[in-house]
Amino acid sequence: MRIDVVTIFPEYLEPLNISLVGKARARGLLDVRVHDLREWTHDKHNTIDDTPYGGGPGMVMKPEPWGEALDAVRACGEDREPVLVIPTPSGRPFTQELAVELSQRPWLVFAPARYEGIDRRVVDEYAERWEVHEVSIGDYVLAGGEAAVLVITEAVARLLPGVLGNVDSHRDDSFAPGAMADLLEGPVYTKPPLWRERAIPEVLLSGHHGRVARWRRDQAFRRTAANRPDLIERCDPAVLDKNDRALLAELGWTERADKRFGRAVPSMEE
Ligand code: ADE
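Have a look at this one:
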């Protein structure tokens, strides 16, 4: 996979040289190219922003440097169009599903904005030729999109074939598609078996695969119910077995008439 990042802070992307992404690059699995947006300015102050039309606070990134930068990146590419990813708090939520989708694309170009964002015409222009995703990494506002580029790149890179040593490594991830879909991953333990008088759950020493799998699923349900009740609300009752139903009932969830699990609400008489 090839990834291009156009930014006014190329140093911000230094972490892409280390750890999982750095290793994937060193092994030739990932080709990352970081570009300084100011290279495509032509005035002596290398201006990349201007005041917003219609008034209001802050500055808006000018369309001309972005247009020239994206055209230049495209020009040193192959005969295919890249996918443009624009991190913005007003984008669609970045999820594991989108990470999987992006990991299947051969070429991503990131356009992280600073200030109040990029002149809208840039998105409109490239959306006519390229697949464009405006993506938010969460309901909070960062000073710019570079941190989001690091987040998205790492989530995507670890899904590329050959990047993780063990192909099963992302099978049980929280949010991984499959049997444990939409459940958070439960707790994990390693040696020593006793640490500060804290033992590890007996079942994990039993060597009994069925009981271990059951315990893991129960833990996943408990953690999901505590930390992400919205995921339990959305879960399809068809994927639940008898044990799951009993556990959810114990945790105060009931199967509602619409066949989804909702939290038991005490009735007025109680
Ligand atoms: N830029 C600023 N805040 C952001 C967010 N939450 N997600 C993606 N890009 C951003």
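In our numbering, the protein residues as written are 1 to 270.
Ideal Cβ positions, reconstructed from N, Cα and C, are used throughout, including at glycine.
The ligand ADE heavy atom lying under 7 Å from the CB of residue i
| i | result |
| --- | --- |
| Y12 | no |
| H141 | What sits at residue 141 in the sequence shown is Val, not His. Because some heavy atom of the ligand ADE lies under 7 Å away, the Cβ of V141 counts as near it: yes. |
| P93 | no |
| S136 | yes |
| G207 | no |
| T47 | no |
| T153 | no |
| G144 | yes |
| P89 | yes |
Nearest-angstrom Cα separation, counted from residue j out to residue i
| i | j | result |
| --- | --- | --- |
| A246 | H170 | 28 Å |
| E197 | W215 | 22 Å |
| V5 | V100 | 19 Å |
| R260 | N227 | 18 Å |
| T190 | L16 | 29 Å |
| G91 | V135 | 4 Å |
| V212 | A147 | 38 Å |
| L287 | E64 | Any property of residue 287 remains undetermined from this structure, which presents the chain solely from 1 to 270. |
| A264 | T254 | 6 Å |
| R222 | G186 | 8 Å |
| A72 | D168 | 39 Å |
| G262 | I232 | 8 Å |
| D244 | V32 | 44 Å |
| G28 | W66 | 28 Å |
| L30 | R74 | 17 Å |
| P89 | Y140 | 7 Å |
| R105 | P266 | 49 Å |
| H209 | V188 | 15 Å |
| L98 | M268 | 43 Å |
| K23 | E39 | 28 Å |
| S103 | E154 | 10 Å |
| T224 | G165 | 28 Å |
| D241 | R217 | 11 Å |
| G144 | D173 | 28 Å |
| S206 | L248 | 25 Å |
Distance between beta carbons of residue j and residue i, contact taken as under 8 Å
| i | j | result |
| --- | --- | --- |
| V109 | L70 | 7 Å |
| I137 | F175 | About 14 Å separates the two Cβ atoms, so there is no contact after all. |
| V149 | P193 | Going by Cβ atoms, the distance from V149 to P193 rounds to 41 Å, so no, they are not a contact pair. |
| Y115 | V60 | 6 Å |
| K62 | D119 | 6 Å |
| W107 | R25 | The pair is not a contact, with the Cβ atoms about 15 Å apart (cut-off 8 Å). |
Residue interval of the beta strand (DSSP E) (run including residue i)
| i | result |
| --- | --- |
| T254 | W253 to E255 |
| P89 | V83 to P93 |
| E185 | Neither: E185 is in no beta strand (DSSP E) and is coded neither H nor E. |
| R121 | That residue, R121, is in no beta strand (DSSP E); its alpha helix (DSSP H) goes R120 to A127. |
| D36 | D31 to D36 |
| G77 | That residue, G77, is in no beta strand (DSSP E); it is neither H nor E in DSSP. |
| H133 | E131 to S136 |
| G311 | Only positions 1 to 270 of the chain appear in the structure, and residue 311 is not among them; the question remains open. |
Residue range of the alpha helix (DSSP H) that includes residue i
| i | result |
| --- | --- |
| P106 | Note, P106: premise wrong, no alpha helix (DSSP H); not H, not E. |
| D244 | K242 to E250 |
| T224 | H209 to N227 |
| G56 | No alpha helix (DSSP H) contains G56, which DSSP labels as neither H nor E. |
| T7 | Per DSSP, T7 belongs to no alpha helix (DSSP H); it is in the beta strand (DSSP E), R2 to T7. |
| V151 | E146 to A157 |
| G22 | S19 to A26 |
Cβ-heavy atom distance, residue i to the ligand PLP, below 7 Å
| i | result |
| --- | --- |
| A148 | As presented, the structure is devoid of the ligand PLP, carrying the ligand ADE as its sole ligands. |
* Give a yes or no on contact between the segment 43–57 and the segment 72–88, applying the rule of three or more CB pairs nearer than 8 Å. => No contact exists between the segment 43–57 and the segment 72–88.
* Would you check if the segment 157–165 and the segment 121–129 touch, i.e. whether three or more CB-CB distances between them fall below 8 Å? => Contact between the segment 121–129 and the segment 157–165 is absent, because fewer than three Cβ pairs lie under 8 Å.
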